[in-house]
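Before any comments, here is the structure.
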Amino acid sequence: MSPRTPVRRLRLGLPRRMFSQLLLMQVAVAAGVAVLATGLFLAPLGKQLDEQAMRRALAIAQTTAAQPQLAEDFRTSLPTPGGPVQQEAERIRRASGAEYVVVMNLHGVRWSHTDPGRIGEVVSTDPSGALAGREVMGIDRGTLGRSARGKVPLRDAEGRIIGAVSVGIEYNSVRAKLVHAIPGLFAYAGAALAIGALAAYLISRRVQRQTRDLAFSDISALLSEREAMLHGIKEGVVALDRAGRVRLLNDEARRLLGIGEEALGRPLDEALGAGRTTDVLAGRVTGTDLLTVRGPRVLLANRMPTEDGGAVATLRDRTELERIGRELDSTRGLIDALRAQDHEHANRMHTLLGLLELEMYEDAVEFVGEVVGEHRVTAEQVTEKVHDPLLAALLVGKATVAAERGVALWVADGTLLPDRLIDPRGLVTVVGNLVDNALDAVAGTRHALVEVELRAEGRTAVLRVRDTGPGVPADRRELIFTDGWSTKRPPAHGKRGIGLSLVCRLAERQGGCVRVDEAEGGGAEFTVVLPEALSEEPG
């Protein structure tokens, strides 16, 4: 058996492409509007033409009845085909283009007619309205067919009604005017339809370019995919329009920025408030992988303009990465310190071995006591003044690192901090950042010194870190607390310019403040005030 040839079925329906669908729908709408407008114009046009014909007939009748000679001839003559009334009526009919001009007496007997044979006969339509003194107009059917009529009373010189005048306009002429107007209307409607179709084509072409010639189903699928993608990715996405208003926020952006649905449609400055984060997202700060701090989070932001004048910004949470990076820096510093201590410990062991080999036992005991005493004194000095274990351990560790870097780290005499810190980890972060910056500032200088002062004033904790470094110029004392600002070379793990910004944010979050001044004798002095940082003293 021969294989059957597949039969292609004709599928009817709208075209798939948006361009074709829009064009078809707009042309259909334009055609419908043109047809409707033409019908709505023709409907009152016929009535208007009828009204004009009736008024024209009534005007001719009024003009005819107003002639005094006609009334006098009507009273003094008989209804004959050659009478003066018939002659005058025919003259008026030919001059006005009316179908007929009929003059009748009070009994409806004709004195004139287009057909002379009907003179002397009673009229075929009711003349009572005109004979009663009223002017009547309408469309009626008589001996000559359908016509637009006007009837008025005929009065003598004293104003008495002696008859009536009836004038008719052939209705076929009225209909001919209507039919004659239809081609013009259709021409205008066709021109309007053509202009509408051209406009629809141009609009559809513009929509086609803007939508990349996609089908409605493709756009719907893209929107669904976009929603799933935006709310599924782990990066924050913020879309702005050309006026800087927020028009899109995914779930991660809301979490990172700490805002919700109320931000949509609002200007960025109003939704986020003033700050570096707002400046970065608004494009007032340019660059790639810009660091910013929003609340407790360290964010990495990138901004890309769009064709419509808006922009899309992406945000990545680097809080954990920055913490790990700082721990890595601390670990590297500790490793360097341990390596240096290893060398120093080896030297001490060699010295101790030499003393023992020379049988200088008393000197060996004294040497070991001095070495152990140095570390013990440092730890005791710190713990006597700083009672919080985390903070004391931090300062002891920093003192060891400072000694290996050739820097003297002192705890000021006025230091006294009880073990009543509400957030010791936050204060550890503040002290650690400020001490690290101070050590970096004085490293490699002669008589390098870093002094830390911690004291409690009621429930307020006051921290001061002084160094003998080059200090901070007056014009940069506000700038150094800006996210991402730093004079140091970036480390291998990422960016700099976060430490002082975090210190500032931690202080502000607790209602406090941080400032930098010139230290006595030169260098920088950082002061951090943290209200409500300590719990109430036990009663």
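Its first residue numbered 12, the sequence shown is counted upward by one per residue in our numbering. By construction, the Cβ of each residue, glycine as well, lies at the ideal position given by its N, Cα and C atoms. Since this is a predicted model, take the numbers as computed values, not measurements.
Review point. Of the choices 145, 92, 177, 463, whose alpha-carbon is the least far from that of residue 421?
Key: Locating residue 421 in the sequence shown gives position 410, counting from the first residue. Of the candidates 145, 92, 177, 463, the one whose C-alpha sits nearest the C-alpha of residue 421 is 463.
Review point. How is residue 88 classed by DSSP in three states: helix, strand or coil?
Key: One-based indexing of the sequence shown puts residue 88 at position 77. DSSP places residue 88 in coil when its eight states are reduced to three.
Check your understanding: Out of curiosity, what's the CA-to-CA distance linking residue 490 and residue 304?
Key -> Position 479 of the sequence shown, counted from the first residue, corresponds to residue 490. Position 293 of the sequence shown, counted from the first residue, corresponds to residue 304. If you take the alpha carbons of residue 490 and residue 304, they lie about 14 Å apart.
Point to revise | Strand pairing of residue 164, partner residues [DSSP] | key: As a first step, residue 164 is located in the sequence shown; it is residue number 153 there, counting from the start. Checking the DSSP bridge columns, you'll see residue 164 partnered with 175.
Exercise for review: Taking residue 328 as the reference, give the member of 377, 431, 269, 533 with the closest Cα.
Suggested key: Stepping through the sequence shown from its first residue, residue 328 is reached at position 317. Ranked by how close their Cα comes to the Cα of residue 328, the residues 377, 431, 269, 533 have 269 in first place.
**Study point:** Residues sharing a beta bridge with residue 111, DSSP
**Key:** Position 100 of the sequence shown, counting from 1, holds the residue named residue 111. Bridge partners of residue 111: 179.
Review point. Distance, Cα to Cα, residue 537 vs residue 481?
Key: Looking up residue 537 in the sequence shown gives position 526. Looking up residue 481 in the sequence shown gives position 470. The straight-line gap separating the alpha-carbon atoms of residue 537 and residue 481 is approximately 14 Å.
**Study point:** Where the alpha helix (DSSP H) containing residue 435 begins and where it ends
**Key:** Against the sequence shown, residue 435 aligns to sequence position 424. Membership of residue 435 in the alpha helix (DSSP H) is indicated by the continuous run 435–453.
Review point. Does the Cβ of residue 77 have 16 or more other Cβ atoms within 10 Å, making it buried, or fewer, making it exposed?
Key: By 1-based counting over the sequence shown, the position of residue 77 is 66. By the neighbour-count rule (16 or more Cβ atoms within 10 Å), residue 77 is not buried but exposed.
Review point. Do the region 426–438 and the region 466–480 touch if we need at least three Cβ pairs shorter than 8 Å?
Key: They touch, by the three-pair rule.
Check your understanding: residue 468 by DSSP, collapsed to three states: which one?
Key -> By one-based count along the sequence shown, residue 468 stands at place 457. In the three-state scheme derived from DSSP, where H, G and I count as helix and E and B as strand, residue 468 is classed as strand.
Point to revise | Three-state secondary structure (DSSP) of residue 459 | key: Residue mapping note: residue 459 aligns to position 448 of the sequence shown, counting from 1. Residue 459: coil per DSSP, three-state reduction.
**Study point:** Separation of residue 524 from residue 543, as counted between CA atoms
**Key:** As a first step, residue 543 is located in the sequence shown; it is residue number 532 there, counting from the start. As a first step, residue 524 is located in the sequence shown; it is residue number 513 there, counting from the start. About 12 Å.
**Study point:** Buried versus exposed call for residue 59 [16 or more other C-beta atoms within 10 Å across all chains shown]
**Key:** Start at 1 with the first residue of the sequence shown, and residue 59 comes out as number 48. Its Cβ having fewer than 16 others within 10 Å, residue 59 is exposed.
Review point. In terms of alpha-carbon separation, which member of 297, 273, 42 lies closest to residue 205?
Key: As a first step, residue 205 must be located in the sequence shown, where it is residue number 194. Considering only alpha carbons, the answer is 42.
**Study point:** Cα-Cα separation, residue 535 to residue 484
**Key:** In the sequence shown, the residue the question calls residue 535 occupies position 524. In the sequence shown, the residue the question calls residue 484 occupies position 473. Their Cα atoms are separated by approximately 9 Å.
Review point. What is the C-beta distance between residue 478 and residue 453, in whole angstroms, given that I count them as a contact (C-beta under 8 Å)?
Key: Counted from its first residue, the sequence shown places residue 478 at position 467. Counted from its first residue, the sequence shown places residue 453 at position 442. Residue 453 and residue 478 do touch by the CB rule: their CB atoms are close to 5 Å apart, below 8 Å.
**Study point:** Exposed unless 16 or more other CB atoms sit within 10 angstroms - verdict on residue 7
**Key:** Residue 7 lies beyond the residue range present for the chain, which begins at 12 and ends at 550; the question has no answer from this structure.
Check your understanding: Cα separation between residue 300 and residue 313?
Key -> Within the sequence shown, numbered from 1, the residue matching residue 300 stands at position 289. Within the sequence shown, numbered from 1, the residue matching residue 313 stands at position 302. Approximately 6 Å, taken between the alpha carbons.
Review point. Around the Cβ of residue 357, are there at least 16 other Cβ atoms within 10 angstroms (buried) or fewer (exposed)?
Key: As a position in the sequence shown, residue 357 is number 346, starting the count at 1. Per the 10 Å Cβ criterion, exposed.
Practice item. Would you list the residues sitting across from residue 371 in a DSSP beta bridge? Key: As a working note, residue 371 is residue 360 in the sequence shown. For residue 371, which the question treats as bridged, DSSP gives no partner whatsoever.
Point to revise | At least three beta-carbon pairs within less than 8 Å, the region 62–73 to the region 147–167 | key: With a cut-off of 8 Å, the region 147–167 and the region 62–73 count as touching, because enough Cβ pairs lie within range.
Check your understanding: Which partner residues of residue 421 appear in the DSSP bridge assignment?
Key -> As a first step, residue 421 is located in the sequence shown; it is residue number 410 there, counting from the start. DSSP output for residue 421 lists 462 as bridge partner(s).
Exercise for review: Could you tell me whether the Cβ atoms of residue 475 and residue 427 are closer together than 9 Å?
Suggested key: On the sequence shown, position 464 is the one that residue 475 refers to. On the sequence shown, position 416 is the one that residue 427 refers to. Cβ distance not < 9 Å, so residue 475 and residue 427 don't count as in contact.
Practice item. Classify residue 83 as helix, strand or coil using the three-state DSSP reduction. Key: By 1-based counting over the sequence shown, the position of residue 83 is 72. DSSP places residue 83 in helix when its eight states are reduced to three.
Practice item. Starting from residue 323, follow its DSSP beta bridges and name the residues at the other end. Key: Taking the sequence shown and counting its residues from 1, one reaches residue 323 at position 312. In DSSP, residue 323 forms a bridge with 250, 315.
Check your understanding: If we call anything under 9 Å between Cβ atoms a contact, is residue 326 one with residue 274?
Key -> The residue labelled residue 326 in the question sits at position 315 within the sequence shown. The residue labelled residue 274 in the question sits at position 263 within the sequence shown. Their beta carbons are not under 9 Å apart, which means residue 326 does not touch residue 274 by this criterion.
Practice item. Mark residue 457 as exposed unless 16 or more other C-beta atoms lie within 10 angstroms of its C-beta, in which case mark it buried. Key: On the sequence shown, residue 457 is found 446 positions in, with the first residue counted as 1. The residue in question, residue 457, is exposed, as its Cβ has fewer than 16 Cβ neighbours within 10 Å.
**Study point:** Reduced DSSP secondary structure (H/G/I, E/B, other) of residue 491
**Key:** Locating residue 491 in the sequence shown gives position 480, where the first residue counts as 1. The three-state reading of DSSP puts residue 491 in helix, counting H, G and I together.
**Study point:** Per DSSP, the bridge partner or partners of residue 524
**Key:** In the sequence shown, residue 524 corresponds to position 513, counting from 1. BP columns for residue 524 point to 540.
Practice item. Verify whether the separation of the beta carbon atoms of residue 279 and residue 298 is less than 9 Å. Key: Here residue 279 refers to the residue found at position 268 when the sequence shown is read from its first residue. Here residue 298 refers to the residue found at position 287 when the sequence shown is read from its first residue. Taking 9 Å as the Cβ cut-off, residue 279 and residue 298 do not qualify as a contacting pair.
**Study point:** Identity of the residue in 548, 450, 487, 438 nearest residue 519 by Cα
**Key:** The count along the sequence shown starts at 1 and reaches residue 519 at position 508. The candidate whose alpha carbon is nearest that of residue 519 is 438.
Exercise for review: Taking all protein chains shown into account, decide if residue 412 is buried (16 or more other Cβ within 10 angstroms of its Cβ) or exposed.
Suggested key: For the purposes of this step, residue 412 is identified with residue 401 of the sequence shown, where counting begins at 1. Counting Cβ neighbours within 10 Å, residue 412 comes out buried, since at least 16 surround it.
Check your understanding: Just the Cα atoms here: how many angstroms apart are residue 91 and residue 120?
Key -> Reading the sequence shown from its first residue, position 80 is the one you call residue 91. Reading the sequence shown from its first residue, position 109 is the one you call residue 120. Looking at the two C-alpha atoms, the distance is approximately 11 Å.
Review point. Residues in its own chain within less than 7 Å of residue 546 by CB, not counting five upstream and five downstream?
Key: Taking the sequence shown and counting its residues from 1, the one referred to as residue 546 is at position 535. Around residue 546: 431, 433.
Point to revise | Nonlocal neighbours in the same chain, by C-beta distance under 6 Å from residue 526, ignoring five residues either side | key: On the sequence shown, position 515 is the one that residue 526 refers to. Cβ neighbours of residue 526 within its own chain (closer than 6 Å, five residues either side excluded): 538.
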